[in-house]
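Read the structure below first, then the notes.
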Amino acid sequence: MSSYKVFKHPEKGFEAVKSGFAWLAPFNPVWPLFRGLWMLFMTYIFFILVLASIDVQIYGLEDFIDITNANNLQWIFLIVQIVIFASPGFKGNEWTAKNLQKNGYIFDCSIEAKNKNEALILATKPSV
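Under the numbering used here, the first residue of the sequence shown carries the number 2, and numbering increases by one thereafter.
Right, dumping it as structure tokens:
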């Protein structure tokens, strides 16, 4: 079971956001679009393009980092790339929750549930 934060909007109803790591986010650059995070998407794509152009300048079009012979600059650049590519996974659900609050949703409760749909059902069920 996972923990979900449930948000309530006066007109749009309930939304649930999983707490913890967003597994799809680091592996899918369009993930922010599905969450309504347009600015994040634009920023992420910008960083990917900048990093790709730096990669081309360092390694050329057909080469890549040689781990055994990499210098300090190449190691630092590799670590920066990993951090940038992994950050949506660590912060993605938090960004989604902040976006919901920015759009008028109010935090309602935290719920343990198997999936998002079950969290929404449990949140809307009247308590006894």
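Heads up, the beta-carbon is just placed ideally off N, CA and C, and yes, glycines get one too.
- [ ] Just confirm the distance between the C-beta atoms of A134 and V18, as a whole number of angstroms; I'd bet it's less than 8 Å.
- [x] Residue 134 lies beyond the residue range present for the chain, which begins at 2 and ends at 129; the question has no answer from this structure.
Open item on the list: Checking 7 Å against the spacing of the C-beta atoms, do L38 and N116 come in under that value?
Closed with: Position 37 of the sequence shown, counting from 1, holds the residue named residue 38. Position 115 of the sequence shown, counting from 1, holds the residue named residue 116. Taking 7 Å as the Cβ cut-off, L38 and N116 do not qualify as a contacting pair.
Open item on the list: Using 8 Å for Cβ pairs, my map puts Y60 next to I66. What's the rounded Cβ distance?
Closed with: Position 59 of the sequence shown, counting from 1, holds the residue named residue 60. Position 65 of the sequence shown, counting from 1, holds the residue named residue 66. The pair is a contact, with the Cβ atoms about 7 Å apart (cut-off 8 Å).
Task: Residue span of the alpha helix (DSSP H) that contains S88, given as start and end - done: To locate residue 88, count along the sequence shown from 1; it is residue 87. From DSSP, the alpha helix (DSSP H) with S88 extends over 73-103.
- [ ] Could you have a look at V7 and say whether DSSP puts it in helix, strand or coil?
- [x] Against the sequence shown, residue 7 aligns to sequence position 6. Correct three-state label for V7: strand.
Open item on the list: Assuming I112 is part of the beta strand (DSSP E), what are its boundary residues?
Closed with: Looking up residue 112 in the sequence shown gives position 111. Run containing I112: 107-114, per the beta strand (DSSP E) assignment.
- [ ] Give the C-beta separation of Y106 and K6 to the nearest angstrom, bearing in mind that I take them to be a contact with Cβ-Cβ under 8 Å.
- [x] By 1-based counting over the sequence shown, the position of residue 106 is 105. By 1-based counting over the sequence shown, the position of residue 6 is 5. Between K6 and Y106 the Cβ distance is about 10 Å, and since that is not below 8 Å, they are no contact.
TODO: May I ask which residues mark the beginning and end of the alpha helix (DSSP H) holding E12?
DONE: Here residue 12 is taken as the residue at index 11 of the sequence shown, counted from 1. First-last for E12: undefined, no H or E at that position.
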